[in-house]
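Chemist:
Number of protein chains: 6
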Amino acid sequence: MLFVTKRLSFCAAHRLFNPGLNDEENAKLFGKCSFPGGHGHNYTLEVTVCGDVDKETGMIIDVKVLKGIIECEVVSKLDHKNLNTDVAFLKDTIPSVENIVMKIWDILNEKIDKGRLYEVKLFETKDNAAIYRIDQKKT
Amino acid sequence: MLFVTKRLSFCAAHRLFNPGLNDEENAKLFGKCSFPGGHGHNYTLEVTVCGDVDKETGMIIDVKVLKGIIECEVVSKLDHKNLNTDVAFLKDTIPSVENIVMKIWDILNEKIDKGRLYEVKLFETKDNAAIYRIDQKKT
Amino acid sequence: MLFVTKRLSFCAAHRLFNPGLNDEENAKLFGKCSFPGGHGHNYTLEVTVCGDVDKETGMIIDVKVLKGIIECEVVSKLDHKNLNTDVAFLKDTIPSVENIVMKIWDILNEKIDKGRLYEVKLFETKDNAAIYRIDQKKT
Amino acid sequence: MLFVTKRLSFCAAHRLFNPGLNDEENAKLFGKCSFPGGHGHNYTLEVTVCGDVDKETGMIIDVKVLKGIIECEVVSKLDHKNLNTDVAFLKDTIPSVENIVMKIWDILNEKIDKGRLYEVKLFETKDNAAIYRIDQKKT
Amino acid sequence: MLFVTKRLSFCAAHRLFNPGLNDEENAKLFGKCSFPGGHGHNYTLEVTVCGDVDKETGMIIDVKVLKGIIECEVVSKLDHKNLNTDVAFLKDTIPSVENIVMKIWDILNEKIDKGRLYEVKLFETKDNAAIYRIDQKKT
Amino acid sequence: MLFVTKRLSFCAAHRLFNPGLNDEENAKLFGKCSFPGGHGHNYTLEVTVCGDVDKETGMIIDVKVLKGIIECEVVSKLDHKNLNTDVAFLKDTIPSVENIVMKIWDILNEKIDKGRLYEVKLFETKDNAAIYRIDQKKT
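Protein chains in written order, with the numbering used here: chain A, 126 to 264; chain B, 126 to 264; chain C, 126 to 264; chain D, 126 to 264; chain E, 126 to 264; chain F, 126 to 264.
#1: In whole angstroms, give me the CA-to-CA distance for D:Ile-237 and C:Asp-260.
#2: DSSP beta-bridge partners for F:Lys-246?
#3: Buried or exposed for E:Ala-137, please, with buried defined as at least 16 other CB atoms from any protein chain shown within 10 angstroms of its CB.
#4: Inspect the CB distances between the stretch 204 to 211 of chain D and the stretch 138 to 148 of chain D and report whether three or more fall short of 8 Å.
#5: Since A:Asp-211 meets chain B, which of its residues come closer than 8 Å, beta carbon to beta carbon?
#6: Taking all protein chains shown into account, do 16 or more other C-beta atoms lie within 10 angstroms of the C-beta of B:Ser-159, making it buried, or fewer, making it exposed?
#7: For E:Ile-185, which residues in chain B fall below 7 Å Cβ to Cβ?
#8: Less than 8 Å between the CB atoms is what I'm expecting for D:Glu-133 and D:Lys-228, so what's the real figure, rounded?
#9: I'd like to know if B:Leu-127 contacts chain F, where contact means its C-beta is closer than 9 Å to some C-beta of that chain.
#10: Is C:Lys-216 helix, strand or coil by DSSP?
#11: Which residue marks the beginning of the alpha helix (DSSP H) containing B:Phe-128, and which one marks its end?
#12: Given this structure, state the Cα-to-Cα distance separating C:Glu-223 from E:Asn-143, to the nearest angstrom.
#13: Comparing alpha-carbon positions, which option in F:Val-188, F:Ala-254, F:Tyr-257 and F:Phe-214 lies nearest F:Ile-240?
#14: Going by DSSP, what residue range makes up the alpha helix (DSSP H) through F:Val-178?
#15: Please list, in chain order, the chain A residues whose beta carbon lies closer than 7 Å to that of C:Lys-131.
#16: Establish whether the CB of E:Lys-153 and some CB of chain D are separated by less than 9 Å.
#17: So, does the CB of A:Lys-239 fall closer than 9 Å to a CB anywhere in chain D?
#18: Can you check DSSP and say which residues form a bridge with B:His-164?
#19: Bridge partners of E:Met-184, per DSSP?
#20: For E:Lys-206, which of helix, strand or coil comes out of DSSP?
#21: Quick one: using the 10 Å Cβ neighbour count with 16 as the cut-off for buried, is A:Glu-150 buried or exposed?
#22: Are any of the Cβ atoms in chain E nearer than 9 Å to that of D:Cys-197?
#23: Relative to the C-alpha of D:Leu-154, which residue among D:Leu-170, D:Ser-201, D:Ile-219 and D:Tyr-168 is closest?
#24: Report buried or exposed for E:Glu-249, applying the criterion of at least 16 other Cβ atoms within 10 angstroms of its Cβ.
#25: Verify the CB distance criterion: does E:Asp-148 have a CB-CB separation below 9 Å to chain F?
#26: Pull up the distance between the alpha-carbon of F:Leu-247 and that of F:Thr-169, whole angstroms please.
#27: Find the residues of chain A that neighbour B:Asn-167, judging by a C-beta separation of less than 7 Å, and give them in chain order.
#28: So with CB distances below 9 Å, who are the chain E contacts of F:Glu-181?
#29: To the nearest angstrom, report how far apart E:Asp-211 and D:Gly-156 are at their CA atoms.
#30: Got a sec, what are the start and stop residues for the alpha helix (DSSP H) B:Leu-154 sits in?
#31: Give the interface partners of C:Asp-231 over in chain D, defined as CB-CB distance under 9 Å, in chain order.
#32: In the structure shown, what three-state DSSP assignment does A:Gly-145 receive?
#33: Do B:Leu-127 and F:Ala-255 count as a contact pair if the criterion is CB distance below 9 Å?
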């Protein structure tokens, strides 16, 4: 199996907050991640596509094209934004790294038309990340 | 000249905004860095102290002590906070990386009592940083 | 499949040494890694848990809880220790990165009670690592 | 499943160019990656071997031996070379990161005789990589 | 003293070659760095500007403006190029990291009109770099 | 002023321990860094030389030569060693990062005969480092 991976970054603010709970419950559940003023991260996004090599190019998918899709569909909508209030595809979603990575998967999975989306990994910090990946047993 | 450097991190939200200007002027001046919802960063802070070695310890200053001062006086006040609204020592300050690093210098310069504060470097992203340093010509 | 990964670090001394062999045989087998005075590393540990998102939190497992388990059960027992002599769970084990990662797996697999432990990766240096992972064909 | 990973680096020049197309077509297909003078990268190669622990050594394969194989069979043939003109095993191959990683797989898969080659990952830059891996469904 | 630093990257091919020497002498002097087909690097460029904070912006110089100058005047002329043959400002220059960094200094020193250029650092690999800096004793 | 920097790594064990103090005093002074079994680090060493460019080579000093000096005089004597017991030039020295960096300076300053040693920086971890540098006011 052959894969190609592209990494991009964006900066955003967020706050872990469940609107179905009151402030005290949110504070207890999420601690400092729920402070009302919010905080933020330099997120790093790694997108992996699997497939066969195109004989004409030697590539699964041109990484410049892949980069363009990721920038247009995902990064431009998240960069320098507040993930609780500014992003249409995160409305009514607690902006945890797990929830964000699943939303990014859904968006990219519709748009990548050469090769097949295999994995999306999102780092919130260099020490915390979430991954969404095809279930190999089902493929 | 001998130096010791300690690196720590914190996550915060901010927005570049000059309250003396209107929204349009801020948008023109700061671009996406001024979006109303704010954004955020994983900041990395590097603090450098110069001095002579204490014969008993082989150290300029115990880095555990230095880490404690930085965490107590700086990191605990910035981590998971909104730099525009939540931090007393940044009130009435545009939270640019240059302004923040100078404020951190002033705080640490008062508190470090072994060796001498030489440099504070603050990374906003891995690609952007500000440095405040003693002017060697004046020392 | 959804995963969350947490990274932590510790510093330890070790020496590759098989007590069933004599000094000459150890020197031949392990080279400089067997020098009697030992050497050491800044180890980096990456723990990955898979599972479904808890609707209330948006998380598989709270990374602060995950971090607490790893620190209490693993890092506190290895950090600033000699892996040949100071660690109960490594007694009678050659402290190779492969052996250590399997021991850490066994410990964490018993303690993580939300989601399911998927992978433990241990870097001895930035260029050398071992990984222990669920065999997907058996799951 | 247990794995061990070794990372090595090399520096090389290359140019994306399909000799079956004319200059204009290459320029259109590959953009700046096809500039006639070529460009280059600091490549990073990560080789992962899976297997069981040898009781005598605590290792799947001695990483010093693994490093020796990779240096002798791969790195020495690519380091400080032009990948379009200087490398026998890349003759008649567009030196895309996908094509190079598959060639490296073939070479190492013949030479690693302890454990079993599981994955080869090649970074062209810190943001672009290709991976070749055993298909787990077929194993 | 206050500084701001911006980091950018580019990929280029080069070969160490002194046209005043014959092939044998070049091979002896530069070793593998002089192989005729050339090799290449992912260069990382760090540009540091010193100055006072502009009260209106909280910045020495807007890093977006600084980035624009570096991209336009330097990176666009070096990225995906062959440094021996394709770059006007490196004609008749051995493209060592020292020579390149001094040429970049001269170009940027003319173009940066807010604050004052303090240092240019160029990494050829993560382990090799050259720095050109204002001589503080002369300032 | 022009500089060239070379980075190398080594792995070693150490323990902070002042032989002029008893065990209790050492434990109080150094905490976990003084545990009797010792611990260890992946040290990273950055050596910076200043000087003028040699017209024939375009270099201050050939980094391959510089690397050879550092490996022969420093790294080979520290790598895979116990810094408390195995290293002649650290005998009777508390192996703090400050003391080690000053000893490395003294050794390299005698051996580098092209350009002039400007700075030695030693990272004990990615977050802790010591620097020894020429005092510019005295030069």
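Glycine included, C-beta positions come from ideal geometry on N, C-alpha and C.
Modeler: This is what the structure gives:
#1: Taking C-alpha positions only, D:Ile-237 is separated from C:Asp-260 by approximately 22 Å.
#2: Checking the DSSP bridge columns, you'll see F:Lys-246 partnered with F:Glu-171 and F:Ile-256.
#3: buried
#4: Contact between the stretch 204 to 211 of chain D and the stretch 138 to 148 of chain D is present: three or more C-beta pairs spanning the two stretches fall below 8 Å.
#5: Under the 8 Å cutoff, chain B gives Phe-160 and Gly-162.
#6: Per the 10 Å Cβ criterion, buried.
#7: Going along chain B in sequence order, the residues near E:Ile-185 (Cβ under 7 Å) are Glu-223.
#8: Position check: residue 133 of chain D holds Leu in this sequence, whereas Glu was assumed. About 16 Å separates the two Cβ atoms, so there is no contact after all.
#9: yes
#10: coil
#11: Careful: B:Phe-128 lies outside any alpha helix (DSSP H), inside the beta strand (DSSP E) at 127 to 139.
#12: 49 Å
#13: What sits at residue 240 of chain F in the sequence shown is Gly, not Ile. Considering only alpha carbons, the answer is F:Val-188.
#14: Where F:Val-178 is concerned, there is no enclosing alpha helix (DSSP H), given that its DSSP letter is neither H nor E.
#15: Asp-252 and Asn-253
#16: no
#17: no
#18: B:His-139
#19: E:Asp-179
#20: The answer is strand: DSSP assigns E:Lys-206 an E or B state.
#21: Exposed, by the Cβ-count rule.
#22: no
#23: D:Ile-219
#24: E:Glu-249 should be labelled buried.
#25: Answer no: the Cβ-Cβ gap between E:Asp-148 and chain F never drops below 9 Å.
#26: 6 Å
#27: His-166, Asn-167 and Thr-250
#28: Asn-143, Gly-145, Leu-146, Leu-154 and Ile-219
#29: 16 Å
#30: 148 to 155
#31: Ordered by position in chain D, no residue passes the 9 Å Cβ test against C:Asp-231, which lies about 13 Å from the chain.
#32: coil
#33: yes
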